[in-house]
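S.K.: This is the structure I want to talk about, given as structure tokens.
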Amino acid sequence: MPELPEVEVVRRGLERWVAGRRVTDVEVLHPRAIRRHLPGASDFATRLSGQRIVAAARRGKYLWLPLDGGGALLGHLGMSGQLLVQPADAADEIHLRVRLRFDDDGPQLRFVDQRTFGGLSLESMSDDVPLPIVHIARDPLDPLFDDELFIKALRAKQTGVKRAILDQNLISGVGNIYADESLWRAKLHYEAPTSALSRPKALLLLASVRDVLTEALGQGGTSFDSLYVNVNGESGYFARSLNAYGRADEPCGRCGSPIRRAAFMNRSSYYCPRCQRK
DNA sequence: CGCGCCTCCTGTGTGC
DNA sequence: TGCACACAGGAGGCGC
Numbered sequence: 002m003p004e005l006p007e008v009e010v011v012r013r014g015l016e017r018w019v020a021g022r023r024v025t026d027v028e029v030l031h032p033r034a035i036r037r038h039l040p041g042a043s044d045f046a047t048r049l050s051g052q053r054i055v056a057a058a059r060r061g062k063y064l065w066l067p068l069d070g071g072g073a074l075l076g077h078l079g080m081s082g083q084l085l086v087q088p089a090d091a092a093d094e095i096h097l098r099v100r101l102r103f104d105d106d107g108p109q110l111r112f113v114d115q116r117t118f119g120g121l122s123l124e125s126m127s128d129d130v131p132l133p134i135v136h137i138a139r140d141p142l143d144p145l146f147d148d149e150l151f152i153k154a155l156r157a158k159q160t161g162v163k164r165a166i167l168d169q170n171l172i173s174g175v176g177n178i179y180a181d182e183s184l185w186r187a188k189l190h191y192e193a194p195t196s197a198l199s200r201p202k203a204l205l206l207l208a209s210v211r212d213v214l215t216e217a218l219g220q221g222g223t224s225f226d227s228l229y230v231n232v233n234g235e236s237g238y239f240a241r242s243l244n245a246y247g248r249a250d251e252p253c254g255r256c257g258s259p260i261r262r263a264a265f266m267n268r269s270s271y272y273c274p275r276c277q278r279k
């Protein structure tokens, strides 16, 4: 479940159901799921076994579980990854990739991922984040996110505004759904040049991003199908609040014009041709 | 250096 | 029914 609200829903589930527990056994069922752990599957399993998970943290779309040994289990869900807390006797999921068992014999933590774009790895920490994600910008729900710095960097870029807010080095946590929703709220065309954004317009965009992410989180995230679920397998309800994403040919909630779908970056952009002009 | 295209995968829906 | 193709919530790598 990819974007910030969905990942935060998972983080909260992990904090509640996994933090404080000691790993006893690690099973890697698909090597691609730990491909970013360069020493390989047996090293991953050996080093993780015996460690206690002390918390659950997140930046943007990355999740990590700090370990009592000082490092962290870092995870990214990619397009189709799930972290599920499942009773030991629950049948294996078709796309089960990694299984963690705990010393309390309680529910297992399972990494399930159909497309295997996601993955897990063991990392050392650099200050407050795992080393491989030091380049990831703070997300707009982080209390230390610097609004002024973002506005300045955004307007200094030579690109279109949607590309910019999808750039995880500039602002993290925003993906294709929430980019389109934020742009709809701010009445910005996805290809509007960042360098031409007025300061008030840039501030409006940032406020729109924050509002959308916050509202979606309040609804448990966006799910169109069973692929995007929390640690207990439940879907969120924000899909019914979407104004642009996935609504091609449906009337814009503001002006009634049919929402348009355009090809963009090997995927799609949904926008209102009247409210969001270039 | 920054930007933007391509690729890594599996599954589903659509049109012929 | 079968097949080909487009498309799906992401991000790293590489060419320009």
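Letter 103 of the first sequence, counting from 1, is numbered 104 in the numbering used here, and no numbers are missing. From the three backbone atoms N, C-alpha and C, an ideal C-beta is built for every residue, glycine too.
Write down the C-beta distance between proline 141 and leucine 75 rounded to the nearest angstrom, noting that I regard them as a contact closer than 8 Å.
M.R.: Going by Cβ atoms, the distance from proline 141 to leucine 75 rounds to 21 Å, so no, they are not a contact pair.
S.K.: Let's test the definition: count the other Cβ atoms within 10 Å of the Cβ of histidine 96 and tell me whether it reaches 16, buried, or not, exposed.
M.R.: Per the 10 Å Cβ criterion, buried.
S.K.: On the CB-based measure, 16 or more other CB atoms within 10 Å of its CB, does glutamate 124 come out buried or exposed?
M.R.: Classification for glutamate 124: buried.
S.K.: Mapping the DSSP letters down to three states, classify glutamate 28 as helix, strand or coil.
M.R.: Here glutamate 28 sits in strand by DSSP.
S.K.: Using only alpha-carbon positions, find the residue among Ala165, Val232 and Leu243 that is nearest to glutamate 1.
M.R.: Summary: the structure shown does not reach residue 1, with the chain confined to residues 2 through 279, and so no result is reported for it.
S.K.: Pair every Cβ in the stretch 221-236 with every Cβ in the stretch 198-211, then say whether three or more of these pairs are closer than 8 Å.
M.R.: With a cut-off of 8 Å, the stretch 198-211 and the stretch 221-236 do not count as touching, because too few Cβ pairs lie within range.
S.K.: Under a Cβ-count criterion, where at least 16 other Cβ atoms within 10 Å of its own Cβ denotes burial, should arginine 186 be classed as buried or exposed?
M.R.: Counting Cβ neighbours within 10 Å, arginine 186 comes out buried, since at least 16 surround it.
S.K.: I think serine 173 touches alanine 138, with their Cβ atoms under 8 Å apart; what is that distance to the nearest whole Å?
M.R.: At roughly 5 Å, the Cβ-Cβ gap stays under 8 Å, so serine 173 and alanine 138 are in contact.
S.K.: Take glycine 234 and list the residues in its own chain whose beta-carbon comes closer than 7 Å to its own, dropping the five residues that flank it on each side.
M.R.: Contacts found: Leu85.
S.K.: List the DSSP bridge partners of serine 127.
M.R.: Answer by DSSP bridge pairing, in chain order: Val130.
S.K.: Helix, strand or coil for leucine 68 per DSSP?
M.R.: Of the three classes helix, strand and coil, the one that applies to leucine 68 here is strand, per DSSP.
S.K.: So which of Ser183, Gly41 and Thr195 has the shortest CA-CA distance to alanine 165?
M.R.: For alanine 165, the nearest C-alpha among the options comes from Thr195.
S.K.: Looking at C-alpha atoms only, which residue of Val24, Arg23, Ala42 and Gly21 is the closest neighbour of histidine 31?
M.R.: Among Val24, Arg23, Ala42 and Gly21, the Cα nearest to that of histidine 31 is on Ala42.
S.K.: What are the start and end residues of each continuous beta strand (DSSP E) run of 3 or more residues lying completely inside the stretch 49-105, in chain order?
M.R.: You should have 58-60, 63-67, 73-77, 82-87 and 97-103.
S.K.: So tyrosine 272 and alanine 249 are supposed to be a Cβ contact under 8 Å. How far apart are they, rounded?
M.R.: Actually they do not touch by this definition, with Cβ atoms about 10 Å apart.
S.K.: From proline 1 to tryptophan 65, what does the alpha carbon distance come to, in whole angstroms?
M.R.: In the structure as shown, the chain starts at 2 and stops at 279, and residue 1 therefore has no counterpart that could be examined.
S.K.: Going by DSSP in three states, phenylalanine 265 sits in which element: helix, strand or coil?
M.R.: Three-state DSSP puts phenylalanine 265 in a strand.
S.K.: Using the Cα positions of leucine 1 and alanine 263, report the straight-line distance between them to the nearest angstrom.
M.R.: Any question about residue 1 goes unanswered here, given that the chain covers just 2 to 279.
S.K.: How is aspartate 181 classed by DSSP in three states: helix, strand or coil?
M.R.: The answer is helix: DSSP assigns aspartate 181 an H, G or I state.
S.K.: Is it buried or exposed, valine 27, if we count other Cβ atoms within 10 angstroms and call 16 or more buried?
M.R.: Buried is the call here.
S.K.: What would DSSP say about aspartate 44, mapped onto helix, strand or coil?
M.R.: Three-state result, aspartate 44: helix.
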